[in-house]
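Read the structure below first, then the notes.
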Amino acid sequence: MTHELPQEIGRDIAVSAADIWKPRKQLLAKVGLSLGVMAAALTAATARPNKAQASPSEAAAAAHPLEYVGITSNRIWVPDLNQARQAAHDIADTNANTVRIFQPYNQSQAEFSFDLPRLCNAAEAARENNLILEITTLGVQSVTEKGKKVIKHNYVPSNAGGVSRYLSVVKTMLMDIAGPDTAHSGPGGTACVEQPLDKVMIGDFDEVNSEDFNSNIDPAKKYAYLESKAIPTYAKISDDINHAFEGTPHSFTLEHVVGALAVSHHDYLGFLKDFDQALKGFGVTDPDFLLAVHPYPADSTVNPATIEAAINPLLRDELDAAWGKDRVSVFFDEIGVSAIPDKKRSQYGTRSLQAAAVKENLQAQYYSDTIHKAAQLRGVVGILTFQSQDVSNDGWPSGLYSPDNTPKKARDAVASAFYDTTAH
3 MTHELPQEIG RDIAVSAADI WKPRKQLLAK VGLSLGVMAA ALTAATARPN KAQASPSEAA
63 AAAHPLEYVG ITSNRIWVPD LNQARQAAHD IADTNANTVR IFQPYNQSQA EFSFDLPRLC
123 NAAEAARENN LILEITTLGV QSVTEKGKKV IKHNYVPSNA GGVSRYLSVV KTMLMDIAGP
183 DTAHSGPGGT ACVEQPLDKV MIGDFDEVNS EDFNSNIDPA KKYAYLESKA IPTYAKISDD
243 INHAFEGTPH SFTLEHVVGA LAVSHHDYLG FLKDFDQALK GFGVTDPDFL LAVHPYPADS
303 TVNPATIEAA INPLLRDELD AAWGKDRVSV FFDEIGVSAI PDKKRSQYGT RSLQAAAVKE
363 NLQAQYYSDT IHKAAQLRGV VGILTFQSQD VSNDGWPSGL YSPDNTPKKA RDAVASAFYD
423 TTAH
């Protein structure tokens, strides 16, 4: 899977969401993720499906309710709070309870000051709409290729100094967005959110088993080193945030997400085995994290539900052998199926038209199958679709809405499946 790269990200440069996620290259050879779409989200309000609209046979097939269902969308990560609120409202209207955003991280970055207003807006919009916010960091690195400076997303800190700096930045970010009563309460010392958050999910980098995203030599061991430091650090951050609420009836939970392992075209299982072994070698005995996996098929016309069913037993065997039965859960926190409605083709550019893998009806069916299948698999706690609203020419028309904000057939299919697979 291939992410597209931002044009420019620097710790001293304030850039708009549109600038950060501008697309650069086509995604035609393999199923991929475009950062050019990260500013898109649901913007048209529709009615929430009720239980009577859910398919009884599919609902009955669920082996367990999913804890997290939702959408990846950077539309709530914007300078305008009202825009973030509208996007969050529309995402919640799909029966979602989780929204995932991407946060760039530069290896020379010392703080999040230029992005913090966007993060605060995302946190507040998520809170107001009862959405759990998942933040996945993306490592940004400036490299020279063919004599030119280019920005790539292949940076994962791997030495003591880099890891310490990264965890310090994440601590600042989490303390800022957790709530107005924490020690550090938002940009300029003002409250970042109106009320304290109950839960935040933090994901350390994206698709770290992919060479496109992790250029370290021996990446599994280097990533394990980072996580060996992150696990106790995040436990301490969560404790610090909860201590800030002493005397008030509030409890904060920080959910730690690792890996976001890409399945198609990548050795996800070999990486996981090396990672588990290295993590234990660094002295970790309590794997306090969720393993995120992106079950994209190598052939984008294939139903992702079949990939989930095929890989989950392998994931469970490895995780159970490494850490004990059911101690580590799996979180499918990104899956997308690309399709374009026939009557909307004029809204799309060449790249998106070429990337559309299936027809609109099949996209809806695949999403429904994939969400229901996740609820039938042992040890799977959630699933998020990517994305919410299509961008006209980004090469990844996997959203629930067309570029003009009209719902695709997948929208109601996803909303119904989210309802089916969660506890009420």
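Each step along the sequence shown adds one to the number in our numbering, with nothing skipped, and position 44 is 46.
For each residue, glycine too, the CB sits at the ideal point set by N, CA and C.
- CA-to-CA, the gap between D414 and A307 works out to about 18 Å.
- One alpha carbon belongs to T192, the other to G181, and they sit about 11 Å apart.
- C-alpha of S302 to C-alpha of V71: approximately 22 Å in a straight line.
- When C-beta atoms of the segment 343-354 are compared with those of the segment 321-332, fewer than three pairs fall below 8 Å, so the two segments do not count as touching.
- K151: not part of any alpha helix (DSSP H); member of the beta strand (DSSP E) spanning K150 to K154, first to last residue.
- The continuous stretches of beta strand (DSSP E) do not include T235, which lies in the alpha helix (DSSP H) extending over residues P221 to H245.
- When only Cα atoms are considered, A125 and G261 end up about 23 Å apart.
- Within the DSSP bridge table, the entry for K201 names T255 as partners.
- N216 counts as buried, since at least 16 other C-beta atoms from the protein chains shown sit within 10 angstroms of its C-beta.
- Counted as a single uninterrupted DSSP element, the alpha helix (DSSP H) harbouring N363 occupies residues E362 to Q378.
- Burial check for P198: the Cβ neighbour count within 10 Å reaches 16 or more, so the residue is buried.
- Assigned with DSSP and collapsed to three states, Y421 falls in helix.
- In the assembly as shown, H296 is a buried residue. Its beta-carbon has 16 or more other beta-carbons within 10 Å.
- In the assembly as shown, T74 is a buried residue. Its beta-carbon has 16 or more other beta-carbons within 10 Å.
- Annotated as proximal: D290 and I233, with beta-carbon spacing under 9 Å.
- Between the alpha carbons of V383 and K148 lies a distance of about 44 Å.
- Bridge partners of P106 according to DSSP: L140.
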